[in-house]
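For the sequence shown, the residue numbers in UniProt numbering are 1 to 441.
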Amino acid sequence: MHVVLLILEQSFLTYSKYKRSQIMLQIFLFGAIPGLMSYLLIECSKKKKVAADSVKKDTTTTLKQNETVKFEKEVPIKLYRNEKINPIPPETHVKNVQILKDECYLIEKYARRDFDDFEIRRGFEYASFYAFNANPTLNRYSKPKCKDSSRVILENRKNDYINASWVVCDHEEYRGKNILTQGPLKETIPDFWAMIYQENVEYIVMFCSFIENGVEQSAQYYPIEEGSEKYDNFEVKHVRKEKDPIEGVTWTVLHLINTTGNDRRPRRVNHINVTWWPEKTTPDDTKLTLELYKWLMKKNQSHIPMVFHCNNGIGRSATFMAIYFFTHIDISTWTFNKYRIADFFVNNYFQALQRYRNGAIESPIQYCFFMCCLYEFYIQEGRYEKTKRTDKLMADYKIYAGKVRDLVNAGEVVTIAKIRRPKRVRDGSWYAPMSDDSLDD
């Protein structure tokens, strides 16, 4: 009899929509006190199940958002179960994007149309990616793809592929080449050092940390403390840390030895780690970036190829690569004071970076920073006169960079479509020569 009553109860509860009817059903079947107790037991079991499910769903998200978590150790779920997670409400995203629209129109005027044109043109060139497609486990990301025409080809290795590209500046005033590459994976560390040894690289410039916000940007490919590590047939020894050449930049001297080669003498490799350039955004100003550029120029006067990398080899490192190359070009004879600097670079030289490293320069803010660095460098070198226009550009860039960083930190993906261009930018009327008087329009 009790079994029949329980079956009837569960069938009625399935179709019951209100708690009151559930309580009345319990009382009808079992009496007042037993019915209430049965109802409470069922409700308690439901709450426990919901709580257990929420623990499973929230744990991964909580651990990723908590910067204090050390992922090397297993973290008990209970430690972070009750941690408050504050999701950014949609209205805040809308408000932040509106701030970008209202306060950053000038930097948009200087760079957005150029970046749009650059985005369109970069897809025109035919390219093949056979090696990239054939080695998916050796790529940190599925995009962007490494071009066959410019990739670094490894010698004396079972597989000649590494996700690294030669970038060549073939201008009449400066000819040089460097390498852009992704942050090495654990599986590609031996290939990375094989490339360094093969191309006689003396400077590695790393524009990221090994882990940022709980996400790996690069495998640890050299010993951080004194000692040595062996990667396949290459031994890397940590010799010493030099005095930081620039604020927020660490300089480590390494020795690289090919343990299977005929020449086993150690080669000196300087590892430069830049820590003040955040992912997907840019620094607040150009000061440290230009100091780093000048320091590298002073140290590498023989122009031996250097290796630049961040997590993907197209954002932070590619932006600095563009700055490094274009500061060598003398533009003093151009009609620079009346027209936008971007006209010359986008139409003539800037696209060359894309021909070598697919996807280089990820976002408008990186493009803006590239332009600001050039302006500031040319002013310091006396090639360009400082005006109200450049002061306004620098001031608005700082606002723009700060707002974009706030959006990125809040989890907002800032794309071209997020910010609507002012009318003068959209219809192209600002392409005409501009003077300082045009700042107020």
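Note that beta-carbon positions come from the ideal geometry of N, C-alpha and C, so glycine has one too.
All values derive from a computational prediction rather than experimental measurement.
Give me the Cβ distance between residue i and residue j, rounded to the nearest whole Å; I'm assuming they're in contact under 8 Å.
i	j	result
Leu353	Val205	Wrong, their Cβ atoms sit about 16 Å apart, outside the cutoff.
Ser165	Cys146	6 Å
Tyr141	Asn312	6 Å
Phe234	Pro190	6 Å
Between the options, which lies nearest to residue i when the distance is taken from Cα to Cα?
i	options	result
Glu242	Leu256, Asn273 and Ser218	Asn273
Lys299	His238, Trp251 and Thr319	Trp251
Phe326	Tyr141, Asp406, Leu290 and Glu235	Leu290
Ser228	Thr137, Arg240 and Ser218	Arg240
Tyr356	Arg151, Lys392, Ile379 and His328	Arg151
Glu212	Gly176, Cys310, Ile379 and Cys169	Cys310
Thr286	Phe369, Glu279, Pro278 and Glu155	Phe369
Ala194	Pro223, Glu155, Thr181 and Gln182	Glu155
Leu393	Asn409, Glu376 and Val408	Glu376
Gln217	Ser317, Met321 and His238	Ser317
Tyr400	Arg383, Pro364, Lys386 and Lys388	Pro364
Phe207	Phe308, Glu187 and Arg267	Phe308
Leu407	Thr281, Phe210 and Glu226	Thr281
Ala322	Leu180, Asp160 and Val404	Leu180
Met297	Pro278, Lys386, Gly176 and Thr188	Gly176
Ile196	Phe210, Asp160, Leu374 and Met306	Met306
Glu279	Phe210, Lys186, Asp391 and Thr390	Phe210
Cys373	Gly261, Ala219, Thr319 and Glu187	Thr319
Arg383	His328, Lys398 and Arg405	His328
Thr188	Gln220, Glu226 and Cys169	Gln220
Tyr231	Asp391, Pro184 and Glu385	Pro184
Starting from the C-beta of residue i, find all residues in its chain whose C-beta is less than 7 Å away, skip the five residues before and the five after it, and write them out in chain order.
i	result
Trp276	Gly248, Pro283 and Leu288
Pro87	Reliability of the predicted coordinates at Pro87 is poor, the pLDDT of 38 falling under 50, and the value obtained from them is presented with this limitation in mind. Answer for Pro87: no residue qualifies.
Asp148	Ser128, Phe129, Tyr130 and Ala131
Glu226	His238
Ile153	Asp160
Lys186	Ala219
With burial defined as no fewer than 16 other Cβ atoms inside 10 Å of the residue's Cβ, what is the status of residue i: buried or exposed?
i	result
Ile304	exposed
Glu199	buried
Gln301	exposed
Arg264	exposed
Lys158	exposed
Gln380	exposed
Gly315	buried
Tyr130	exposed
Thr259	exposed
Thr137	exposed
Ala51	Unreliable positioning characterises Ala51 in this predicted model, as indicated by a pLDDT of 45, which lies under 50. The coordinate reading is nonetheless provided below. The residue in question, Ala51, is exposed, as its Cβ has fewer than 16 Cβ neighbours within 10 Å.
Ala134	exposed
Gln182	buried
residue 442	Not covered by the structure: residue 442. The range shown for the chain is 1 to 441.
residue 464	Because the chain spans 1 through 441 in this model, residue 464 falls outside it and cannot be assessed.
Asn139	buried
CB-CB under 6 Å to residue i, same chain, minus the five flanking residues each way: which ones, in chain order?
i	result
Pro245	Trp251 and Trp295
Leu292	Ile246
Val269	Leu254 and Leu256
Asn358	Pro144, Lys145 and Lys147
Arg267	Leu256
Lys386	Ile379
Cys169	Gly176 and Phe325
Thr390	Tyr375
Ile224	none
Please work out which residues of its chain come closer than 8 Å, Cβ to Cβ, to residue i, disregarding the five sequence neighbours upstream and downstream, and give them in chain order.
i	result
Asp427	With a pLDDT of only 37 at Asp427, under 50, the local geometry of the prediction cannot be trusted, and the value read off the model is given with reservation. Hits under 8 Å: none found.
Tyr222	Glu229, Val236, His238, Thr252, Leu254 and His271
Gly402	Asp284
Lys398	Asp284 and Asp285
Val201	Ile179, Met195, Val269, Ile304, Pro305, Met306 and Val307
For the stretch 344-394, which segments carrying the alpha helix (DSSP H) assignment without a break, of at least 4 residues, lie completely within its bounds, in sequence order?
351-356 and 364-380
What are the uninterrupted segments assigned as alpha helix (DSSP H) that are 4 or more residues long and contained completely in the stretch 234-273, given in chain order?
none
Which full runs of the alpha helix (DSSP H) of 4+ residues lie inside the stretch 175-212, going along the chain?
189-198
Alpha helix (DSSP H) runs contained entirely in the stretch 269-303, provided each spans 4 or more residues
287-299
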